[in-house]
Structure formats: structure tokens, C-alpha cells
Amino acid sequence: MTHIIELQHVWKRYDTGGEVVEALKDVDFYADPGEFVSVMGPSGSGKSTMLNVLGLLDTPTEGTVLLDGKDVTDLTDQEMTTQRKQFIGFIFQSFHLIPTLSALENVEVPTLFGEDPTARERATDLLERVGLGDRLHYRPDQLSGGQKQRVAVARALVNEPRILLADEPTGNLDRKTGRSVLDLFDEIRREDDVAVIAVTHDPQLGEYADRTVQLVDGRIQ
Ligand SMILES: Nc1ncnc2c1ncn2[C@@H]1O[C@H](COP(=O)(O)OP(=O)(O)OP(=O)(O)O)[C@@H](O)[C@H]1O
Ligand SMILES: [Mg+2]
């Protein structure tokens, strides 16, 4: 089976004018369709950096990124955006919702340039699945932290991605709400064969994962 996403010998160096930080050191990583992989590690160990490279939001300093078996390391920004839209849903560590838009409009944002007539239906359905059917027209400042998190989850799924990347998806949620988000992840990976890769400190999330990868000081252990 072709891995849906793979990193081969990935290094990421940040040059902050004088001091070079090595955020990722020779990282090899993959995920298969339908697999749930959790990434754990201390603060500053490179988890968000790795997720950004997997999400084609950042490019490695050295090494190769393969998406569905194709080398995407040297694509142009525009080609990366196309691939990202087609393959990847991203849930950020902070939610990145647009404050002036309603929950429903926020979920529709990734579809806006596609002129897809079923987008509103999918957005509504996803908000119902995350338990926000009665909050469709609320703005982010009218939602609780956990509700904003769930809007971000729905938005990440609206283009039916093959890979879902999540940075601390349950970090702001109580145990019960966290579990409902994890149940939703479990459902989409089983029913839609989506690969879920989640960065976390949450032991509850670890229980849902097929496999846990430890990152320490930029290296996979
Ligand atoms: N844009 C940047 N410029 C310079 N250094 C950076 C940059 N982004 C991250 N780093 C450094 O790279 C290292 C890894 O950062 P990263 O954000 O990936 O950690 P993390 O594991 O996600 O941490 P946390 O659990 O606190 O979110 C850190 O030492 C950080 O200071
Ligand atoms: Mg982080």
C-alpha cells in the first residue's frame, strides 16, 4: 500500500540571524489511509513544525515529502495550495476562525473558490455532527472555546480531505467534549478512510490512536 503521506530524512532549520535552531532532525514518518497516528513530545520538540511540513504549509530545509506516493517537496506555492486543498484538512493549535463570519460561514470558507453548490449542505451537516446544529449563525465571539474548536474541526473536514492534521485538537476541551471530537475522528477514518495525525499531550487521545510517535528535541524516538 502507498502511504498517503510520508516524510523521508526531513530536516528543518530556522536561521534567526546568528543562531540556527534545528527543529526537525532527520525525521522519517508516514501515515496510511484510515490510520490514526498521535504525535507526542515536550514543548519545543518540533511537533507543530512537523505538522506544518506534513500540511504543505512549510517546506523542509532538507529531505523529501511524498503525498500519495508523489514527491511534492519542490512544488511551487500555487501547486502546493492546490494539493493542500485536495488532500489535507488542518486544525490549528489556535483556531484561526474569522471573527466577522458566522460558524456556518467559517466552515464554508475553504470551499468558497470552488463554486460547489453542495458546500452549504456539507457545512451544515458537519456542524450538526459536532453538536453545533443550534449555533450555525453564531459568530466566534459568541461561542465558547470548545465550540470554536468544534467549528475548526468541521471546517477542516468540509473539503473531504484524505488526511486530517490536528494540533492539540482536544487541548481546550473538557473530557466529554474531547471524547465527542475523538469519536468523530474515529468515524471519518473508519467510514471515509481518512488518515488522522494529531499532535497532543492528551492521554485520552493516545487511547484512540493506532500508533504513537514520540518526538524529542526534533528527533523521532
Ligand atoms: N519561525 C520560527 N523561527 C525560529 N524558530 C522557530 C520557528 N518556529 C519554531 N521555532 C523553534 O523550533 C522549535 C520547535 O518548535 P515547535 O513549534 O515545532 O514546537 P512544538 O513541539 O509544537 O511545541 P509546543 O508543544 O509548545 O507547541 C522550537 O525551539 C522553536 O523555538
Ligand atoms: Mg506546537
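Sequential numbering of the sequence shown, starting at 1, is according to the UniProt record's numbering. Ideal placement from N, C-alpha and C gives every residue a C-beta, glycine not left out.
Simplified DSSP state of residue i, which is helix, strand or coil
i, result
"Arg-219", "strand"
"Tyr-208", "helix"
"Gln-149", "helix"
"Val-21", "strand"
"Lys-115", "It should be pointed out that residue 115 corresponds to Glu in this sequence rather than to Lys. Of the three classes helix, strand and coil, the one that applies to Glu-115 here is coil, per DSSP."
"Asp-202", "coil"
"Met-80", "helix"
"Ser-144", "coil"
"Leu-101", "coil"
"Val-27", "strand"
"Gln-8", "strand"
"Val-181", "helix"
"Met-50", "helix"
"Phe-36", "strand"
"Thr-64", "strand"
8 Å Cβ shell around residue i - same chain, five flanking residues per side excluded
i, result
"Val-53", "Leu-7, Val-10, Lys-12, Leu-24, Thr-59, Pro-60, Val-65"
"Val-20", "Arg-13, Tyr-14"
"Asp-186", "Phe-36, Tyr-208"
"Ile-98", "Glu-105, Asn-106, Val-109, Pro-140"
"Leu-184", "Arg-129, Val-130, Val-153"
"Asp-174", "Gly-146"
Residues near residue i in its chain [Cβ-Cβ closer than 6 Å; skip 5 each side]
i, result
"Phe-29", "Leu-7"
"Leu-157", "Gly-89, Leu-126"
"Ala-119", "Glu-108, Thr-111"
"Thr-73", "Thr-64, Val-65"
Beta carbon of residue i nearer than 8 Å to that of residue j
i, j, result
"Ala-166", "Ala-123", "no"
"Leu-215", "Ser-45", "yes"
"Met-1", "Asp-32", "yes"
"Val-109", "Arg-139", "no"
"Leu-112", "Met-80", "no"
"Gly-34", "Arg-179", "no"
"Ile-188", "Val-194", "yes"
"Ala-103", "Leu-75", "no"
"Thr-177", "Met-40", "no"
"Ser-38", "Thr-212", "yes"
"Gly-218", "Glu-62", "no"
Own chain partners of residue i with C-beta closer than 7 Å, once the 5 adjacent residues on each side are dropped
i, result
"Leu-67", "Ile-5, Gln-83, Phe-87"
"Gln-93", "Ser-48, Asp-167, Glu-168"
Short CB-CB distance (under 8 Å) between residue i and chain B
i, result
"Glu-207", "Structure shown: chain B not included; a single protein chain is present."
Taking one C-beta from the segment 154-166 and one from the segment 85-100 each time, how about it: are there three or more such pairs within less than 8 Å?
-> Yes, they touch.
Would you check if there are 3 or more beta carbon pairs closer than 8 Å linking the segment 164-173 to the segment 132-151?
-> Pairwise C-beta distances place the segment 164-173 in contact with the segment 132-151, as three or more of them are shorter than 8 Å.
Does the segment 123-130 come close enough to the segment 189-205 to have 3 or more Cβ pairs within less than 8 Å?
-> Contact fails between the segment 123-130 and the segment 189-205, because fewer than three Cβ pairs, one in each stretch, are under 8 Å apart.
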